[in-house]
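These notes are about the structure you will find just below.
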Amino acid sequence: MSPADEQAHGTASTPGARGGPPRRTSRQWPLALWLWVLWIVLWGSVSPVVLVGGAVVALLVVVLFPLPSIARRARLHPLWLLLLPAHLLVGLVGSAVAVALEAVRRGPRVRAAVLEVPLRSESDLMIAATANMASLTPGTLVLEIDRDRRRLYVHALPARDAREVDRRRGEVATAERWVVRTIGPAEMRKDPNRRERGYGGEGERR
Amino acid sequence: MNGLVQTALEAATAVLLLCGAVFCLLGGVGLVRFPDTVTRLQAAAKAQNLGLLLILIGAALRVPLPYAGLLLLIAVFQLITVPVLGQIVGRIAYRTGAVERHTLTVDELAERLAPPDAPDAGESGGGRGRGT
Amino acid sequence: MVATVALALLGVTAVLVVHRLVRGPHALDRIVAVEILVTTVVAGAAVAVAVWDYTSAVLVLLVLALLGFIGSVTAARLAEEREDMR
């Protein structure tokens, strides 16, 4: 158990907040922007027709098919977003080399572990992003997501002894830290032990 | 000067393509040699995934800009979809017994799923996210 | 030269993957193998794009990568349902 988990014992968060926030079109601008960029990349040109047409189509999609807002309190931090690809590449190279070494040296006699990792995040977006990061960067693969108890169950690959198991746990915590840095709400970024609150969820302990 | 940049780009492409192919091969080796589904999945999600990314980046350095954008778009989709597929397949593999328990040094999910008297430890957890 | 070596390595990869596809033993192993086979094909085609300028293949690659993902997820879900019915 990490200190983060100890500290947040007894979190009584407001129930029922997960249901559905009002669908506000004005909150959907990141989606519209993404659709617009996608349109331009797929057409492969920046002629005025493509630019204007893409903007019109993106706005129409966002207005006609509104999605429930999943990122109510997410704040995008551009600096960390720019650093993220470099971090991903370094982490991916490291884990790929580790897995490849394991495949060549041990093969059938590989030792792995299934670990339970507590999360600080609570919202769907943060948990999904953390699960994605944890599967990409370190030597772990997310098997199960326990949404209510805020736990990830990860398969960790080179895990022969307690020291390696601890290192894999630390890698998942690092993945979550990167998610918090990039899209996390302000109060989580300031305090490294703070858990995300106010999304409902039981906040219980085992 | 322009020729120098050209040569550097070609050299970078060659290195990236070769490294990518080597990582793909190592992923294939892992797929054959690893003992159970989830470890094979690790080989696929790590080594093979990185191999494809390196090859896509290498190719993107060589082709005209619109096509480079498309190749990088494939790379971005790959980064999003591989963990999702890994989680779906890994979850099903664990639950259907496709994990060789003797390869595990620690198994904390078994403790979580095992006790039938625990209030919400079964298959029924409705709030369990699956990424779909 | 680079293309020959890279494509040869990818060819060996494809053979290894097909070996796993035939051996199984679990349906999920085969699903993972098919997914990697698709990735290997995408990688090989990307090498061809880089070396011989087959730029028209790039859109096909995009579609192939996405279809491979959707297909694998569907197959995995099917495998899960079959296990549940047993």
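Residue numbers (full-length UniProt numbering), protein chains in the order written: chain A, 1 to 206; chain B, 1 to 132; chain C, 1 to 86. The beta carbon of each residue, even a glycine, is placed where N, CA and C say it ideally should be.
Exercise. If you check the beta carbons only, do valine 117 of chain A and valine 154 of chain A fall under 8 Å apart?
Worked result: Here residue 117 of chain A refers to the residue found at position 117 when the first sequence is read from its first residue. Here residue 154 of chain A refers to the residue found at position 154 when the first sequence is read from its first residue. Yes, the pair counts as a contact, with Cβ atoms nearer than the cut-off.
Exercise. Candidates C:Val32, C:Glu81, C:Ala14: which alpha carbon is nearest cysteine 24 of chain B's?
Worked result: Working through the second sequence from its first residue, we reach residue 24 of chain B at position 24. For the residues C:Val32, C:Glu81, C:Ala14, the minimum Cα distance to cysteine 24 of chain B belongs to C:Ala14.
For this session: Report the neighbours of leucine 61 of chain C on chain B: residues whose CB is nearer than 9 Å to its CB, in chain order.
Result: Position 61 of the third sequence, counting from 1, holds the residue named residue 61 of chain C. Chain B residues near leucine 61 of chain C: Leu56, Leu70, Leu71, Ile74.
For this session: Check whether the Cβ of leucine 10 of chain C lies closer than 8 Å to any Cβ atom in chain B.
Result: Working through the third sequence from its first residue, we reach residue 10 of chain C at position 10. Yes, contact with chain B.
Problem set entry | Option nearest leucine 53 of chain B by Cα separation, candidates B:Ala14, B:Ile74, B:Gly3, B:Val63 | For the purposes of this step, residue 53 of chain B is identified with residue 53 of the second sequence, where counting begins at 1. Looking at the Cα atoms, B:Ile74 is the closest of the given residues.
Exercise. Looking at the C-beta of alanine 12 of chain B, does it have a partner C-beta in chain C at a distance below 8 Å?
Worked result: In the second sequence, counting from the first residue as 1, residue 12 of chain B sits at position 12. It does not: the Cβ of alanine 12 of chain B has no partner Cβ on chain C nearer than 8 Å.
For this session: Might you give, ordered along the chain, the residues of its own chain that have their beta carbon closer than 7 Å to the beta carbon of tryptophan 80 of chain A, omitting 5 neighbours on each side?
Result: Within the first sequence, the letter at position 80 stands for residue 80 of chain A. Closer than 7 Å at Cβ, skipping near neighbours: Arg181, Thr182.
Exercise. How do the stretch 89 to 109 of chain B and the stretch 2 to 12 of chain C stand: do at least 3 beta-carbon pairs fall below 8 Å, yes or no?
Worked result: no
For this session: Show which residues of chain C have a CB atom less than 7 Å away from the CB atom of leucine 18 of chain B.
Result: What you label residue 18 of chain B is simply residue 18 of the second sequence in a count that begins at 1. Those are Val2, Val5, Ala6, listed as they occur along chain C.
Exercise. If we cut at 8 Å on Cβ distances, does alanine 103 of chain A have a partner in chain B?
Worked result: By one-based count along the first sequence, residue 103 of chain A stands at place 103. At least one chain B Cβ lies under 8 Å of alanine 103 of chain A.
For this session: For arginine 82 of chain C, count neighbouring C-beta atoms within 10 Å of its own C-beta (all shown protein chains included) and say buried if the count is 16 or more, exposed if not.
Result: The residue labelled residue 82 of chain C in the question sits at position 82 within the third sequence. Label assigned to arginine 82 of chain C: exposed.
Exercise. So, does the CB of valine 49 of chain C fall closer than 8 Å to a CB anywhere in chain B?
Worked result: For the purposes of this step, residue 49 of chain C is identified with residue 49 of the third sequence, where counting begins at 1. Yes - at least one Cβ of chain B is within 8 Å of the one on valine 49 of chain C.
Problem set entry | Option nearest glutamine 42 of chain B by Cα separation, candidates A:Leu64, A:Gly170, A:Ala175, A:Arg111 | Within the second sequence, residue 42 of chain B is the residue found at index 42, counting from 1. The candidate whose alpha carbon is nearest that of glutamine 42 of chain B is A:Arg111.
For this session: Pull out every residue of the stretch 28 to 48 of chain C whose Cβ sits closer than 8 Å to any Cβ of chain B, in chain order.
Result: Leu28, Asp29, Ile31, Val32, Ala33, Glu35, Ile36, Thr39, Thr40, Val42, Ala43, Ala46, Val47
Problem set entry | Check whether glycine 58 of chain B and glycine 28 of chain B have beta carbons under 8 Å apart | As a position in the second sequence, residue 58 of chain B is number 58, starting the count at 1. As a position in the second sequence, residue 28 of chain B is number 28, starting the count at 1. Taking 8 Å as the Cβ cut-off, glycine 58 of chain B and glycine 28 of chain B do not qualify as a contacting pair.
Exercise. In three-state terms, what does DSSP make of valine 46 of chain A?
Worked result: Here residue 46 of chain A is taken as the residue at index 46 of the first sequence, counted from 1. In the structure shown, valine 46 of chain A sits in coil (DSSP, three-state: anything other than H, G, I, E or B).
For this session: Below 8 Å CB to CB, which residues in the same chain sit around alanine 47 of chain B once its five sequence neighbours on both sides are set aside?
Result: Sequence index remark: in the second sequence, residue 47 of chain B carries index 47 (1-based). Only Phe23, Cys24, Leu26, Gly27, Gly30 meet the Cβ criterion.
For this session: Quick one: list the residues of chain C neighbouring tyrosine 94 of chain B, beta-carbon separation under 8 Å, in chain order.
Result: Along the second sequence, one-based indexing puts residue 94 of chain B at 94. Per Cβ cutoff of 8 Å: no residues; tyrosine 94 of chain B is ~10 Å from chain C at best.
For this session: May I ask you to report which of helix, strand or coil DSSP gives leucine 71 of chain B?
Result: The count along the second sequence starts at 1 and reaches residue 71 of chain B at position 71. The answer is helix: DSSP assigns leucine 71 of chain B an H, G or I state.
Exercise. Any chance the stretch 78 to 91 of chain B sits against the stretch 135 to 147 of chain A, with 3 or more Cβ pairs inside 8 Å?
Worked result: yes
Problem set entry | Pairwise C-alpha distance: glycine 24 of chain C and valine 97 of chain A | By 1-based counting over the first sequence, the position of residue 97 of chain A is 97. By 1-based counting over the third sequence, the position of residue 24 of chain C is 24. When rounded, the distance between both Cα atoms is 25 Å.
Problem set entry | Those runs of the beta strand (DSSP E) which lie wholly inside the stretch 95 to 123 of chain A and span at least 3 residues | 112 to 118
Exercise. Shorter than 8 Å from the beta carbon of valine 114 of chain A to some beta carbon of chain B?
Worked result: To locate residue 114 of chain A, count along the first sequence from 1; it is residue 114. Interface residue, yes.
Exercise. Valine 38 of chain B versus chain A: which residues are under 8 Å apart at the beta carbon?
Worked result: Position 38 of the second sequence holds residue 38 of chain B. In chain order: Ala112, Leu141, Leu143, His155.
Problem set entry | Nearest neighbour of proline 66 of chain A, chosen from A:Gln28, A:Val90, A:Arg163 [CA to CA] | Position 66 of the first sequence, counting from 1, holds the residue named residue 66 of chain A. Ranking A:Gln28, A:Val90, A:Arg163 by Cα distance to proline 66 of chain A puts A:Gln28 first.
Exercise. How close, in whole Å, do the beta carbons of valine 99 of chain A and leucine 157 of chain A come, if the pair is a contact with beta carbons under 8 Å?
Worked result: Translated into the one-based positions of the first sequence, residue 99 of chain A becomes position 99. Translated into the one-based positions of the first sequence, residue 157 of chain A becomes position 157. That belief holds up - the Cβ atoms of valine 99 of chain A and leucine 157 of chain A are roughly 6 Å apart, short of 8 Å.
Problem set entry | Nearest candidate by alpha-carbon position, reference glutamine 78 of chain B, set B:Gly3, B:Ile55, B:Val32, B:Ala110 | Locating residue 78 of chain B in the second sequence gives position 78, where the first residue counts as 1. The option with the nearest alpha carbon to glutamine 78 of chain B is B:Ile55.
For this session: For valine 51 of chain C, collect the residues of the same chain with a Cβ closer than 6 Å to its Cβ; drop the 5 residues on either side in sequence, then sort them by chain order.
Result: Mapped onto the third sequence, residue 51 of chain C falls at position 51. Result list for valine 51 of chain C: Ala3, in chain order.
Exercise. Do the stretch 33 to 47 of chain C and the stretch 68 to 75 of chain C make contact, defined as three or more Cβ pairs closer than 8 Å?
Worked result: yes
Exercise. Is any beta-carbon of chain C found at less than 8 Å from that of arginine 62 of chain B?
Worked result: For the purposes of this step, residue 62 of chain B is taken as residue 62 along the second sequence, with counting starting at 1. Closer than 8 Å: yes.
For this session: Could you tell me whether the Cβ of threonine 13 of chain C comes closer than 8 Å to any Cβ of chain B?
Result: The count along the third sequence starts at 1 and reaches residue 13 of chain C at position 13. With 8 Å as the cut-off, threonine 13 of chain C counts as an interface residue toward chain B.
Exercise. Are the C-beta atoms of leucine 136 of chain A and some chain B residue less than 8 Å apart?
Worked result: Residue numbering aside, residue 136 of chain A sits at position 136 when the first sequence is read from its first letter. At least one chain B Cβ lies under 8 Å of leucine 136 of chain A.
Exercise. Sorted by chain position, which residues of the same chain lie with C-beta nearer than 6 Å to alanine 45 of chain B's C-beta, five sequence neighbours on each side aside?
Worked result: Taking the second sequence and counting its residues from 1, the one referred to as residue 45 of chain B is at position 45. Excluding residues within five positions, the ones whose Cβ falls inside 6 Å are Val82, Gly86.
Problem set entry | For isoleucine 127 of chain A, the nearest candidate out of A:Arg177, A:Pro30, A:Ser45, A:Leu33 (CA to CA) | As a working mapping, residue 127 of chain A is identified with position 127 in the first sequence. Residue A:Arg177 is the option with its Cα nearest to isoleucine 127 of chain A.
Exercise. For proline 22 of chain A, which residues of its own chain have a beta-carbon under 7 Å away from its beta-carbon, when the five flanking residues on both sides are left out?
Worked result: Translated into the one-based positions of the first sequence, residue 22 of chain A becomes position 22. Bear in mind that the predicted position of proline 22 of chain A carries a pLDDT of just 49, short of 50, making it unreliable; the figure below should be weighed with that in mind. None.
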